[in-house]
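Peer 1: This is the structure, below, for whatever I ask next.
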Amino acid sequence: AQSVSQHNHHVILSEAASLELGCNYSYGGTVNLFWYVQYPGQHLQLLLKYFSGDPLVKGIKGFEAEFIKSKFSFNLRKPSVQWSDTAEYFCAVNAPYGGSQGNLIFGKGTKLSVKP
Amino acid sequence: DTGVSQNPRHKITKRGQNVTFRCDPISEHNRLYWYRQTLGQGPEFLTYFQNEAQLEKSRLLSDRFSAERPKGSFSTLEIQRTEQGDSAMYLCASSFLRVDEQFFGPGTRLTVL
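Here the protein sequences come in this chain order: A and B.
Residue 285 is where the first sequence starts when you use this note's numbering, and the numbers rise one by one after that.
Residue 8 is where the second sequence starts when you use this note's numbering, and the numbers rise one by one after that.
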């Protein structure tokens, strides 16, 4: 069965610090990869996605993620965080040609707190 | 485009009661998904529809749960004989293509007393 692991449960950073959130998935076939963000009191929003092509993808608000197939990883990065990045971040995967028929498998999430 | 909407936003019920939630997807989206999220966890897939057909159900969806999408537009999720373990946020999402981005609604938070 597919699974997604997010290694950090809660990350606390000061403004302007660099961010890297880890995400690993378990599935040997073709995958689509996503990072979603949930700001306090708001619904899940897509931050970025990878389907194919350049493994370094750029998303909204200065976020980027790198797909490393050999490591089954899709880590999220941002060079300099802001207080407004305080949110919960979820990594998700689907296997478009597998048995899941497109539903997303989510990690448990990483809560990011940015101190002003 | 008003996004995915869900009603009600909050529901408090007593154990043993039935509850029904509604999801209105983005209008041109033919795929609709239901997820459940509990504290400290990511969303977990429950079921999905392509148009009016329910194509997949998770093992999490016990026989007390039923979902419908009668005309391929809005969907309802009913939980019969609620249990305290059903307390969670129920999320609806929609997408246009099978592998496309899923757009999430605000969720319905269910509390079973």
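Heads up, the beta-carbon is just placed ideally off N, CA and C, and yes, glycines get one too.
Every value quoted in this text rests on a predicted model; they were computed, and no experiment measured them.
Hey, out of Val341(A), Asp369(A), Tyr311(A), whose CA is closest to tyrosine 323(A)'s CA?
Peer 2: With distances taken between Cα atoms, tyrosine 323(A) lies closest to Asp369(A).
Peer 1: Would you report the Cα separation of asparagine 25(B) and serine 94(B), rounded to the nearest angstrom?
Peer 2: Computed Cα separation, rounded: 13 Å.
Peer 1: Chain A partners of phenylalanine 111(B), CB-CB under 8 Å?
Peer 2: Ordered by position in chain A, the residues that pass the 8 Å Cβ test against phenylalanine 111(B) are Tyr320, His327, Leu328, Gln329.
Peer 1: Just checking: is the beta-carbon of glycine 393(A) within a distance shorter than 8 Å of some beta-carbon in chain E?
Peer 2: The chain inventory of the structure shown lacks chain E, comprising the protein chains A and B.
Peer 1: Within 10 angstroms of the Cβ of isoleucine 352(A), are there 16 or more other Cβ atoms? Answer buried if so, exposed if not.
Peer 2: That one is exposed.
Peer 1: Could you list which residues in chain B have their beta carbon closer than 9 Å to that of phenylalanine 374(A), in chain order?
Peer 2: Result: Gly49, Pro50.
Peer 1: Do you know offhand how far glutamine 123(B)'s Cα is from arginine 71(B)'s?
Peer 2: Lying outside 8 to 120, the shown extent of chain B, residue 123(B) is not represented and no answer is given.
Peer 1: To the nearest angstrom, report how far apart leucine 84(B) and glutamine 13(B) are at their CA atoms.
Peer 2: Straight-line Cα distance between these residues: approximately 11 Å.
Peer 1: Would you mind sorting isoleucine 128(B) into buried or exposed? The rule is 16 or more other CB atoms within 10 Å of its CB.
Peer 2: Residue 128(B) lies beyond the range of chain B shown here (8 to 120); nothing can be said about it.
Peer 1: Is the separation between the beta-carbon of asparagine 387(A) and that of glutamate 63(B) shorter than 8 Å?
Peer 2: In contact: asparagine 387(A) and glutamate 63(B) (Cβ atoms closer than 8 Å).
Peer 1: From histidine 17(B) to arginine 116(B), what distance separates their C-alpha atoms?
Peer 2: Cα to Cα, histidine 17(B) sits roughly 5 Å from arginine 116(B).
Peer 1: In whole angstroms, give me the CA-to-CA distance for glycine 306(A) and phenylalanine 103(B).
Peer 2: Whole-angstrom Cα-Cα distance: 29 Å.
Peer 1: Run through the DSSP bridge pairs and tell me what leucine 62(B) is partnered with.
Peer 2: DSSP output for leucine 62(B) lists no bridge partner at all.
Peer 1: With 16 other CB atoms within 10 Å as the buried threshold, where does serine 82(B) fall?
Peer 2: Buried, by the Cβ-count rule.
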